[in-house]
Ligand SMILES: Nc1ncnc2c1ncn2[C@@H]1O[C@H](COP(=O)(O)OP(=O)(O)OP(=O)(O)O)[C@@H](O)[C@H]1O
Ligand SMILES: [Mg+2]
């Protein structure tokens, strides 16, 4: 019982696997497979049907033929039996045998039950005598004999109403099989040609049908990769053609929406950067100056109250707090918008940031730059590259638990490449769906790259993470301010 159940579940699993395999083949494969199965089953069925019908009618025909040969022999041998001319009887039998290729044997039994003439070369088989006999004086009797040579139709026909004896003949079915084989051969040939024609036509049909689908699939893949400009080709105005038209309309709408979104995003980023610059300047120039003045005043006060040690200690404490606040303010101001980025260019600002970052988080950070000599970069590009590296490094500090980080920034062939690589714990960076939705750092980096027509890829494993950004310097709208050196 248990073995049966195991076997059934094994068969079920195999059937499921084969079905899944069949369903997973391409549409072309499915249609061609169906046409082939249809043609083969139709061919088999037709061949069997025709064999059956031809076989049936030929068998009847053969029975009638056997009876008529036997009757004819009986009529022709009547006289010869009466005068007991065995020689002539033998000749008659041999002639009949010669003229009828299907005839296997013929013999004549006289009134006394004795075989007086036969066609057997190697002696008469006596057992034949018993297998068929005439039952009614005027009627020939057909009997089917199953032998090693196949079915034999044995006919016993009375001579002179039974008074002259009996003629017996045996006819084989070989001609029936021969005709059936010929018919089957012809049917199979026709089915084969029809099948080839069917397969050819169905191949053409599936080619015509699947070409637009394949084109649509490739357009969809391109759009999934972010190329919203890709259009599906409309071959005909059928269902697939209409689907392609709707698809093109949809990607057109998406492309327009993305254009508007990109413009808005650029504005938001530019406004955000302006605001950061304003706050940074204000922090530095206004509050920073005020705090510096306060520190100077405290120094003066310290001297004035030099006689009171308690007052000096307190003033000193306030002054050092003020200086710490000034330092923190500078750091905050630089983080918001490093003045060096505007004044001294991207590379100086990056060097400055990397140095302070390494010191602050106690990390070994190598910075390698190349190709920026005499390069004029638009403000928006400088800010984008700076912010991407800033976010990537912040992520290393926050999540990677790394010991070493290397930053490579390079300009070559119209592209800026920024690589930030760490030897930390890594994370699953296969797809954006894996990232928590409230995390915006990586998405922000990607958006900044895409706005310039660039790309950002992240490779991560338990050995570390590598952020790879590539931005075309002339691509996208790099407006946003005057150029500074790289
Ligand atoms: N270098 C890295 N090493 C290990 N994990 C990282 C690294 N960079 C990013 N991650 C993982 O990817 C996640 C998403 O990073 P992302 O910068 O988008 O968000 P966040 O840093 O957590 O938050 P924020 O939105 O403030 O940037 C992080 O929470 C962290 O788990
Ligand atoms: Mg982050």
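Numbering (the working numbering), first residue to last: 1 to 486.
Backbone N, C-alpha and C fix where the C-beta goes; we use that ideal spot for every residue, glycine too.
Under a Cβ-count criterion, where at least 16 other Cβ atoms within 10 Å of its own Cβ denotes burial, should residue 156 be classed as buried or exposed?
With 16 or more neighbouring CB atoms inside 10 Å of its own CB, residue 156 falls in the buried class.
Rounded to the nearest angstrom, what separates residue 484 and residue 464 at their Cα positions?
For residue 484, the predicted model reports a pLDDT of 39, less than 50, meaning its position is unreliable and no value from the coordinates is stated.
Are the CB atoms of residue 146 and residue 35 nearer to each other than 8 Å?
Using a Cβ distance threshold of 8 Å, residue 146 and residue 35 do not count as a contacting pair.
Give me the pocket residues for ligand 2, defined as CB within less than 7 Å of any heavy atom, sorted by chain position.
The chain-ordered list of residues whose CB is nearer than 7 Å to some heavy atom of ligand 2 reads 391, 394, 395, 398, 439, 441 and 442.
Helix, strand or coil, according to DSSP, for residue 476 in the structure here?
Confidence at residue 476 is low in this model, with a pLDDT of 44, below 50, so its placement is unreliable and the value that follows should be read with caution. In the displayed model, residue 476 falls within coil according to three-state DSSP, outside both helix and strand.
Can you tell me which of 395, 187, 403 and 405 puts its alpha carbon nearest to the alpha carbon of residue 488?
The structure shown has nothing for residue 488, since the chain only spans 1 to 486.
Quick one: Cα of residue 102 to Cα of residue 91, how far?
Each residue's alpha carbon lies about 18 Å from the other.
For residue 104, name the three-state secondary structure that DSSP assigns.
In the three-state DSSP reduction, residue 104 falls in the strand class (E or B).
Inter-stretch contact (C-beta, 8 Å, three-pair minimum) for the segment 68-80 and the segment 195-214:
Taking a cut-off of 8 Å on C-beta distances, the segment 68-80 does not touch the segment 195-214, as fewer than three cross pairs fall below it.
Cutoff 6 Å; reference residue 280; Cβ partners in own chain excluding five residues on either side:
Residues of the same chain with a CB within less than 6 Å of the CB of residue 280, apart from the 5 flanking positions on each side, are 333, 336 and 337 in chain order.
Run through DSSP, which three-state label would residue 248 get?
Residue 248 falls in the helix class under three-state DSSP.
For residue 474, the nearest candidate out of 339, 414 and 444 (CA to CA):
The residue among 339, 414 and 444 with its C-alpha nearest the C-alpha of residue 474 is 414.
Flag residue 465 as yes when its Cβ comes closer than 7 Å to any non-hydrogen atom of ligand 1, and as no otherwise.
A heavy atom of ligand 1 is found nearer than 7 Å to the CB of residue 465.
If we count Cβ pairs, one from each stretch, closer than 8 Å, do we get three or more for the segment 158-168 versus the segment 102-120?
As far as the Cβ criterion goes, the segment 158-168 touches the segment 102-120, which means the pair count is three or higher.
Can you determine whether any heavy atom of ligand 1 sits closer than 7 Å to the C-beta of residue 422, and answer yes or no?
It does: the Cβ of residue 422 is within 7 Å (strictly closer) of some heavy atom of ligand 1.
Whose C-beta lies closer than 8 Å to the C-beta of residue 361 among residues of the same chain, with five residues either side of it excluded?
Closer than 8 Å at Cβ, skipping near neighbours: 397.
Indicate whether the contact test is met: 3 or more Cβ pairs, each with one atom in the segment 256-271 and one in the segment 438-454, closer than 8 Å.
The segment 256-271, when compared against the segment 438-454, does touch it at the 8 Å Cβ threshold.
Buried or exposed for residue 23, please, with buried defined as at least 16 other CB atoms from any protein chain shown within 10 angstroms of its CB.
Exposed, because fewer than 16 other Cβ atoms sit within 10 Å of the Cβ of residue 23.
Counterpart residues of residue 147 in DSSP-defined beta bridges:
Looking at the DSSP output, residue 147 shares a beta bridge with 150.
So what does DSSP say about residue 338, is it helix, strand or coil?
Secondary structure at residue 338: coil, using DSSP grouped into helix, strand and coil.
Does chain B have any CB closer than 8 Å to the CB of residue 406?
Absence of chain B from the displayed structure is noted, only one protein chain being present.
Quick check: the Cα distance between residue 481 and residue 342, rounded to an integer number of angstroms?
Because residue 481 carries a pLDDT of 36, less than 50, the predicted location of this residue cannot be relied on, and the following value inherits that uncertainty. Between the alpha carbons of residue 481 and residue 342 lies a gap of roughly 10 Å.
Anyone know if the C-beta pair for residue 419 and residue 442 falls short of 8 Å?
Contact: no.
Does the count of Cβ pairs from the segment 34-49 and the segment 77-85 closer than 8 Å reach three?
Taking a cut-off of 8 Å for Cβ pairs, the segment 34-49 and the segment 77-85 do not touch, as fewer than three such pairs fall below it.
Residue 125 versus residue 95 - alpha carbon distance
Approximately 21 Å between the Cα atoms of the pair.
Helix, strand or coil for residue 134, going by three-state DSSP, please let me know.
Coil.
Kindly examine ligand 1 and report whether one of its heavy atoms sits closer than 7 Å to the Cβ of residue 426.
Residue 426 Cβ: within cutoff of ligand 1.
Compare the beta carbon distance of residue 65 and residue 152 with 8 Å and say whether it is the shorter of the two.
In terms of Cβ geometry, residue 65 and residue 152 do not form a close pair [threshold 8 Å].
Which term fits residue 424, buried or exposed, when burial requires 16 or more other beta carbons within 10 angstroms of its beta carbon?
By the neighbour-count rule (16 or more Cβ atoms within 10 Å), residue 424 is buried.
May I ask you to list the residues that DSSP assigns as paired with residue 365?
Note: residue 365 sits in a beta bridge opposite 405.
Where residue 105 falls, given that 16 or more other Cβ within 10 Å makes a residue buried:
By the Cβ-count criterion, residue 105 is buried, with 16 or more other Cβ atoms from all chains shown falling within 10 Å of its own Cβ.
Using the Cβ count rule (16 or more neighbours within 10 Å means buried), how would you classify residue 411?
Result: buried.
In the DSSP assignment, find the unbroken alpha helix (DSSP H) run with residue 283 in it and report its ends.
Per DSSP, residue 283 belongs to no alpha helix (DSSP H) and is neither H nor E.
Report the three-state DSSP secondary structure of residue 8 (helix, strand or coil).
In this structure, DSSP gives residue 8 a helical state, which the three-state scheme calls helix.
Work out the CA separation of residue 389 and residue 346 for me, nearest whole Å.
When rounded, the distance between both Cα atoms is 11 Å.
Rounded Cβ spacing between residue 405 and residue 393 (contact assumed at less than 8 Å)
Their Cβ separation, rounded to whole angstroms, is 7 Å, which keeps residue 405 and residue 393 in contact under 8 Å.
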